[in-house]
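**Student:**
Number of protein chains: 2
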Amino acid sequence: MGWLHAGHRSLIQRARGENETTIATIFVNPRQFNEAADYQRYPRNEARDLEICEEEGVDLVFVPSVEEVYPPGFDTTVSVGDVARPLEGAARPGHFDGVATVVAILFDLIGAERAYFGQKDAQQVMVIRRMALDLAIPTEVIACPTVREPDGLALSSRNVHLSLPERAAAPVLRRALLAARARWEAGERSGDALRDAMRETLGGEPLATPAYVSVADGGSLAELDRVPDGGPVLLSLAVRFGPTRLIDNEPLP
Amino acid sequence: MGWLHAGHRSLIQRARGENETTIATIFVNPRQFNEAADYQRYPRNEARDLEICEEEGVDLVFVPSVEEVYPPGFDTTVSVGDVARPLEGAARPGHFDGVATVVAILFDLIGAERAYFGQKDAQQVMVIRRMALDLAIPTEVIACPTVREPDGLALSSRNVHLSLPERAAAPVLRRALLAARARWEAGERSGDALRDAMRETLGGEPLATPAYVSVADGGSLAELDRVPDGGPVLLSLAVRFGPTRLIDNEPLP
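Taken in sequence, the protein lines are chains A and B. Mapping of the first sequence onto the working numbering: residues 25 to 277, in sequence order. Mapping of the second sequence onto the working numbering: residues 25 to 277, in sequence order.
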């Protein structure tokens, strides 16, 4: 969606290392914004984005107009079921329909062998992987590690909206996740206890308004009463700072 | 969906005439049956279908299992909006979601340049064309003329379910469409009058239970109060004979 940062650079670098040709798509997709105001204020800077793509050696940048992605009379929706329902899906009605639909279109248009997404949007990666597998789109979905500021804040195009005090407070997302992870490493297996660990950390930051904290099965994203020792688990949260909503997550092995 | 008849043969012949390689897919798609009983009783004869494909010179027949089309954990739906809502969409909840989803999968799997469908399922063709255009699937959707028995009954795999008296009565669908068409050719432009013409003809056949009669815009499928002189119009109907439901249509130029 543009407003490229070091997280996107890491995706491009990974793609270039594993493929002969690297294509970047830049498209602020109106269909995945559940609030019109959020779409309007999403940051855009095409000239700078193209410079970054050039610097990183992208072979082709696809910057379609809204009309090019959604032809006249467009009226098709791609929906993913269970894995799209909780967390961001519950908080942002229609968001993942918009994501699944535009990514199906972009995958069909581009015909890439591999597509690289940031693990920061963990649920998005799961929704896209499910969609591509189910619709037999032969593009492999690859999740890449979240890139962070030195203080732990996950890079996000939305960070630009933070005021200075909000920016100073925003690493609380990471601290909350690490607090829960530390409790888990110390042997805690109660989902509620781990969620409480996140809530307590967030509660210490007056500028942060938690939207959700989650301890979920890493495959289904169903909330867990108890963390099993075997399977993957995803700790995740969403927090508002004024009008700006940030998310982050931490997978447990 | 198999149980191949002369209508399917005509699709294969058209495809062979326009392409180097012709692939047929045979798959009775459980997701497009809104009634489980209808799925169970849908006629199947793979051996005969393969013989017909051989006779017609099909290069490759793809006969996947349900598990091959819908991998474990399958959870994605492709939905088309307005054009999928009336007529068959209203009568058969979920039907066109099932059609759009399986055809998106088959198009992505096969990668054909052109796909051939019977005009008998006029709304289906419109839904599939919209879906393929919207999702940027580069398969051209081509509608082929309905093939009919000498008495006018449109070929359909479901015709096999008709009892002898029902089979004798079934051409009433075609007669009803032609009655409305004749009224239109005589200058009638009232949608209700044309629908009445179909209902009157159907009313003369005791074994026929009409489900709907429609005089609709040929682009949007919205019901018409008055038939415009310019654009395309679709006359269509659905009629039950006992447990068997038949459809047919007649486009007005």
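Beta carbons are placed, not taken as given, at the ideal position from N, Cα and C, and that holds for glycine. Source: prediction; values computed, not measured.
Quick one: is residue 64 of chain B buried, meaning 16 or more other Cβ sit within 10 Å of its Cβ, or exposed?
**Tutor:** As a position in the second sequence, residue 64 of chain B is number 40, starting the count at 1. Result: exposed.
**Student:** Would you say residue 114 of chain A reaches chain B, if we count a Cβ-Cβ gap shorter than 8 Å as a contact?
**Tutor:** Here residue 114 of chain A is taken as the residue at index 90 of the first sequence, counted from 1. No, because no Cβ of chain B sits closer than 8 Å to the Cβ of residue 114 of chain A.
**Student:** Do the segment 260 to 277 of chain A and the segment 141 to 148 of chain A meet, that is, are 3 or more Cβ pairs less than 8 Å apart?
**Tutor:** Verdict: yes, contact present.
**Student:** Please list the partners that residue 98 of chain B has in chain A, where partner means a Cβ-to-Cβ separation under 7 Å.
**Tutor:** Along the second sequence, read from residue 1 onward, the residue named residue 98 of chain B stands at position 74. Chain A residues near residue 98 of chain B: 158.
**Student:** Would you verify that the beta carbon of residue 36 of chain A is, or is not, closer than 8 Å to some beta carbon of chain B?
**Tutor:** Residue 36 of chain A sits at position 12 when you count from the first residue of the first sequence. Closer than 8 Å: no.
**Student:** Output yes or no for whether 8 Å exceeds the beta carbon distance between residue 160 of chain A and residue 133 of chain B.
**Tutor:** Residue mapping note: residue 160 of chain A aligns to position 136 of the first sequence, counting from 1. Residue mapping note: residue 133 of chain B aligns to position 109 of the second sequence, counting from 1. Cβ atoms of residue 160 of chain A and residue 133 of chain B: closer than 8 Å.
**Student:** If we ignore side chains and look at the alpha-carbon of each, how far apart do residue 199 of chain A and residue 167 of chain A end up?
**Tutor:** For the purposes of this step, residue 199 of chain A is taken as the residue at position 175 of the first sequence. For the purposes of this step, residue 167 of chain A is taken as the residue at position 143 of the first sequence. Approximately 22 Å between the Cα atoms of the pair.
**Student:** For residue 253 of chain B, return the contacting residues in chain A, with the cut-off set at a CB-CB distance below 8 Å.
**Tutor:** Here residue 253 of chain B corresponds to residue number 229 of the second sequence, with the count starting at 1. What residue 253 of chain B touches in chain A: nothing, since even the nearest Cβ is about 23 Å away.
**Student:** Helix, strand or coil, according to DSSP, for residue 63 of chain B in the structure here?
**Tutor:** Looking up residue 63 of chain B in the second sequence gives position 39. Looking at residue 63 of chain B - three-state DSSP - the assignment turns out to be helix.
**Student:** Taking 8 Å as the cut-off, decide whether the C-beta atoms of residue 258 of chain A and residue 197 of chain A are in contact.
**Tutor:** Along the first sequence, one-based indexing puts residue 258 of chain A at 234. Along the first sequence, one-based indexing puts residue 197 of chain A at 173. No, the pair does not count as a contact, with Cβ atoms beyond the cut-off.
**Student:** In the DSSP assignment, what residue or residues form a beta bridge with residue 272 of chain B?
**Tutor:** Position 248 of the second sequence, counted from the start, is the residue given in the question as residue 272 of chain B. Beta-bridge pairing links residue 272 of chain B to B/261.
**Student:** Could you name each continuous alpha helix (DSSP H) segment of 4 residues or more that falls completely within the segment 76 to 106 of chain A, going from the start of the chain to the end?
**Tutor:** Listed in chain order, the complete alpha helix (DSSP H) runs (minimum 4 residues) inside the segment 76 to 106 of chain A are 90 to 93.
**Student:** Per the contact definition of three or more C-beta pairs closer than 8 Å, is the segment 207 to 217 of chain A in contact with the segment 226 to 237 of chain A?
**Tutor:** Contact fails: fewer than three Cβ-Cβ distances are below 8 Å.
**Student:** Any idea if residue 187 of chain B is buried or exposed, counting beta-carbon neighbours within 10 angstroms, 16 or more meaning buried?
**Tutor:** In the second sequence, the residue the question calls residue 187 of chain B occupies position 163. The residue is exposed, with fewer than 16 neighbouring Cβ atoms inside 10 Å.
**Student:** Please give the ranges of any alpha helix (DSSP H) in the segment 184 to 248 of chain A, keeping only runs that are unbroken, at least 4 residues long and fully inside the region.
**Tutor:** Here the runs fully enclosed are 188 to 193, 196 to 209, 215 to 227.
**Student:** Mind listing the chain A neighbours of residue 105 of chain B? Cutoff is C-beta to C-beta under 8 Å, in chain order.
**Tutor:** Here residue 105 of chain B refers to the residue found at position 81 when the second sequence is read from its first residue. Per Cβ cutoff of 8 Å: 99, 100, 101.
**Student:** Tell me, to the nearest whole angstrom, how far the beta carbon of residue 243 of chain B is from that of residue 256 of chain B; I am working on the premise that it is less than 8 Å.
**Tutor:** Taking the first residue of the second sequence as position 1, residue 243 of chain B is located at position 219. Taking the first residue of the second sequence as position 1, residue 256 of chain B is located at position 232. Their Cβ separation, rounded to whole angstroms, is 7 Å, which keeps residue 243 of chain B and residue 256 of chain B in contact under 8 Å.
**Student:** Would residue 155 of chain A count as contacting chain B if we go by Cβ distances under 8 Å?
**Tutor:** The sequence position of residue 155 of chain A within the first sequence is 131, counting from 1. At least one chain B Cβ lies under 8 Å of residue 155 of chain A.
**Student:** By alpha-carbon positions, which one of B/170, B/126, B/173 ends up nearest to residue 90 of chain B?
**Tutor:** Here the question's residue 90 of chain B lines up with position 66 in the second sequence. Residue 90 of chain B has its Cα closest to that of B/126, out of B/170, B/126, B/173.
**Student:** Using the beta-carbon count (16 or more within 10 Å), is residue 137 of chain B buried or exposed?
**Tutor:** Counted from its first residue, the second sequence places residue 137 of chain B at position 113. Exposed is the call here.
**Student:** Are residue 107 of chain A and residue 141 of chain A closer than 8 Å when you measure CB to CB?
**Tutor:** Counted from its first residue, the first sequence places residue 107 of chain A at position 83. Counted from its first residue, the first sequence places residue 141 of chain A at position 117. No, they are not a contact pair.
**Student:** Exposed or buried, what is residue 55 of chain B when buried is set at 16 or more other beta-carbons lying within 10 Å of its beta-carbon?
**Tutor:** For the purposes of this step, residue 55 of chain B is taken as the residue at position 31 of the second sequence. Classification of residue 55 of chain B: buried, given that the 10 Å Cβ count is 16 or more.
**Student:** Please go through the same chain and pick out, in chain order, the residues whose beta-carbon is closer than 6 Å to the beta-carbon of residue 101 of chain A, but skip the five residues on each side of it.
**Tutor:** Residue numbering aside, residue 101 of chain A sits at position 77 when the first sequence is read from its first letter. Around residue 101 of chain A: 121, 125.
**Student:** Any beta carbon from chain A within less than 8 Å of residue 241 of chain B's own beta carbon?
**Tutor:** On the second sequence, residue 241 of chain B is found 217 positions in, with the first residue counted as 1. No - not a single Cβ of chain A is within 8 Å of the one on residue 241 of chain B.
**Student:** Where does residue 166 of chain B sit, in a helix, a strand or coil, going by DSSP?
**Tutor:** On the second sequence, residue 166 of chain B is found 142 positions in, with the first residue counted as 1. Three-state result, residue 166 of chain B: strand.
**Student:** Could you round the C-beta distance between residue 239 of chain A and residue 67 of chain A to whole angstroms and report it? I think they count as a contact, below 8 Å.
**Tutor:** Here residue 239 of chain A refers to the residue found at position 215 of the first sequence. Here residue 67 of chain A refers to the residue found at position 43 of the first sequence. About 32 Å separates the two Cβ atoms, so there is no contact after all.
**Student:** With respect to the beta strand (DSSP E) encompassing residue 142 of chain A, which residues constitute its N-terminal and C-terminal limits?
**Tutor:** Working through the first sequence from its first residue, we reach residue 142 of chain A at position 118. Residue 142 of chain A -> beta strand (DSSP E) spans 138 to 142.
**Student:** Can you find a C-beta in chain B that's less than 8 Å from the C-beta of residue 249 of chain A?
**Tutor:** Your numbering for residue 249 of chain A matches position 225 in the first sequence. No, its Cβ sits nowhere closer than 8 Å to a Cβ of chain B.
**Student:** In chain B, which residues lie with their C-beta within 7 Å of the C-beta of residue 128 of chain A?
**Tutor:** Position 104 of the first sequence, counted from the start, is the residue given in the question as residue 128 of chain A. Neighbours of residue 128 of chain A on chain B, chain order: 159.
**Student:** When you compare the CB positions of residue 171 of chain A and residue 152 of chain A, do they come within less than 8 Å of one another, or not?
**Tutor:** Numbered from its first residue, the first sequence carries residue 171 of chain A at position 147. Numbered from its first residue, the first sequence carries residue 152 of chain A at position 128. The answer is no: Cβ separation not under 8 Å.
**Student:** Would you mind giving the Cβ-Cβ distance between residue 87 of chain A and residue 70 of chain A, rounded to the nearest angstrom? I have them listed as a contact below 8 Å.
**Tutor:** As a position in the first sequence, residue 87 of chain A is number 63, starting the count at 1. As a position in the first sequence, residue 70 of chain A is number 46, starting the count at 1. Indeed, because the Cβ distance is near 7 Å, the residues count as touching under 8 Å.
**Student:** Could you tell me the distance, in whole angstroms, from the CA atom of residue 104 of chain B to the CA atom of residue 150 of chain B?
**Tutor:** Counting from one through the second sequence, the residue named residue 104 of chain B turns up at place 80. Counting from one through the second sequence, the residue named residue 150 of chain B turns up at place 126. So the two alpha carbons sit approximately 10 Å from each other.
**Student:** Report back the beta-carbon spacing between residue 26 of chain B and residue 47 of chain B to the nearest angstrom; my notes put them in contact at under 8 Å.
**Tutor:** Residue mapping note: residue 26 of chain B aligns to position 2 of the second sequence, counting from 1. Residue mapping note: residue 47 of chain B aligns to position 23 of the second sequence, counting from 1. So it is not a contact: roughly 15 Å between Cβ atoms.
**Student:** Output, in chain order, the set of chain A residues within a Cβ distance shorter than 8 Å of residue 132 of chain B.
**Tutor:** Numbered from its first residue, the second sequence carries residue 132 of chain B at position 108. What residue 132 of chain B touches in chain A: 132, 159, 160, 161, 162.
**Student:** Is residue 50 of chain A helix, strand or coil by DSSP?
**Tutor:** Locating residue 50 of chain A in the first sequence gives position 26, counting from the first residue. The answer is coil: DSSP assigns residue 50 of chain A none of H, G, I, E or B.
**Student:** Going along chain B in order, which residues have a C-beta closer than 8 Å to the C-beta of residue 117 of chain A?
**Tutor:** Sequence index remark: in the first sequence, residue 117 of chain A carries index 93 (1-based). Chain B residues near residue 117 of chain A: none, gap ~16 Å exceeds 8 Å.
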